[in-house]
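The working numbering puts the sequence shown at residues 197 to 433. Just below is one structure, and these are the notes that go with it.
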Amino acid sequence: MNYASTVLLALLAAAPIAAFAQEASPPAGTGTPTGFMDVRAIRPVAGDAKAGAGKVTICSACHGHSGMAVVPELGNLAGQPATYLYIQLKAFKDGYRSDPVMSGQAARLSDEDMRDIAAYYASFAPASHGGTDTSSPGARLYREGDPGRGIPPCQGCHGPDARGPRPFVADVEGKPQPPWFTYPYLHGQSANFVTKALGDFRAGVRAGTSNARIMQGVAQGLSDADIQALSAYLPHL
Ligand code: HEC
Ligand code: HEC
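Put into structure tokens, the structure is as follows:
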């Protein structure tokens with residue numbers, strides 16, 4: 197059994213505990229009858245990246261000192277939007293996202309720690325691999341989706357180069373801001389990680405935030421072959 201399936205099995209085993217924890221003590225202000233963390237109204241998160249550098253000693257063992265994962269099963273945190281990273285940490289801490297390792301890691305962080313750490317990892321450049329095959333099935337799905345099967349183009353939310361949508365309208369002052377700063381970049385992520393994340397969304401084991409619900413809807417339509425094709429394409433984008 198590979199690492200990903202071990203973690204997945206552990207996740208499934210931990211799921212009832214997380215559900216109970218949510219029911220027993222919904223987090224202040226965010227507990228809703230539907231049981232997910234609503235991030236629609238969140239403002240861009242700011243933190244102190246320098247302070248964050250002093251708080252990631254343990255994290256580095258798995259995520260690398262500058263946010264490049266030490267094993268391909270983990271996502272790279274380097275260069276992700278700070279608000280996205282903050283939301284994930286808060287979701288782990290409050291029990292809306294569950295992982296046998298990360299739930300415990302996030303539990304010991306204060307809100308300020310999470311903001312500082314998010315700012316710290318966001319300050320690095322993401323991984324870059326290059327060499328993408330633009331005619332591959334994964335590339336087509338990413339660019340165009342598959343309307344016949346109700347699959348939207350991934351680039352609509354993750355951007356043509358997986359570094360966020362263009363134009364990045366959040367920069368336009370005074371205009372209503374789409375929540376792109378809460379969305380992850382997929383640029384430079386490993387095949388194993390993409391496969392695990394898409395499988396988790398599809399199976400509903402990662403569905404604890406309003407953003408995860410969006411991605412869960414997208415993943416519903418993906419076949420195993422689609423996930424394989426996307427996992428082959430994304431690391432090279
Ligand atoms: C022993 C290894 C380990 C340590 C130490 C660790 N993590 Fe993680 N981290 C994981 C695993 C495993 C996942 C993937 C969970 C999943 O797939 O649901 C993860 C996921 C994450 C994610 C979500 C990434 C994404 O895009 O989905 C963030 C953010 C994160 N970790 C931050 C941290 C921070 C901050 C620390 C230190 C306080 C830390 N981690 C310590 C193993 C670790
Ligand atoms: C309608 C917008 C939307 C579309 C279209 C979309 N995504 Fe997402 N995606 C999201 C959001 C929002 C998240 C963050 C979910 C969360 O916070 O848990 C996400 C998360 C992800 C993640 C996890 C990243 C991480 O660091 O943990 C992967 C992988 C992913 N999407 C792949 C895809 C692929 C492949 C497609 C196309 C088949 C796609 N997405 C289409 C909005 C979208």
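From the three backbone atoms N, C-alpha and C, an ideal C-beta is built for every residue, glycine too.
{"Query": "Terminal residues of the alpha helix (DSSP H) in which Ala387 lies", "Result": "387-399"}
{"Query": "Every unbroken alpha helix (DSSP H) within the region 259-321, with a cutoff of 4 residues, ordered by chain", "Result": "278-289, 298-303, 307-318"}
{"Query": "DSSP three-state assignment for Asp342, whether helix, strand or coil", "Result": "strand"}
{"Query": "Distance between Gly344 and Ala249 (C-alpha atoms, nearest Å)", "Result": "47 Å"}
{"Query": "Where Ile238 sits in the DSSP three-state scheme", "Result": "coil"}
{"Query": "Near ligand 1: Gln276 beta-carbon under 8 Å from a heavy atom", "Result": "yes"}
{"Query": "Assigned secondary structure, Thr405 (DSSP; H/G/I helix, E/B strand, else coil)", "Result": "strand"}
{"Query": "Heavy atom of ligand 1 within 8 Å of His432 beta-carbon", "Result": "no"}
{"Query": "Between the CA atoms of Glu269 and Phe389 - distance to the nearest angstrom", "Result": "5 Å"}
{"Query": "Beta-carbon gap between Leu281 and Ile313 smaller than 9 Å", "Result": "yes"}
{"Query": "Three CB pairs or more closer than 8 Å across the region 320-327 and the region 269-278", "Result": "yes"}
{"Query": "Contact belief for Met233 with Tyr316 at Cβ below 8 Å, rounded distance in angstroms", "Result": "Their Cβ separation, rounded to whole angstroms, is 22 Å, which puts Met233 and Tyr316 out of contact at 8 Å."}
{"Query": "Minimum C-alpha distance to Thr378 - residue among Gln284, His432, Gly260", "Result": "Gln284"}
{"Query": "Cut-off 8 Å between Cβ atoms - residues of its own chain near Ser201, not counting five sequence neighbours on either side", "Result": "Its pLDDT being 39, under 50, Ser201 is placed unreliably in this model, and the value from its coordinates should be taken loosely. Excluding positions up to five away in sequence, the list is empty."}
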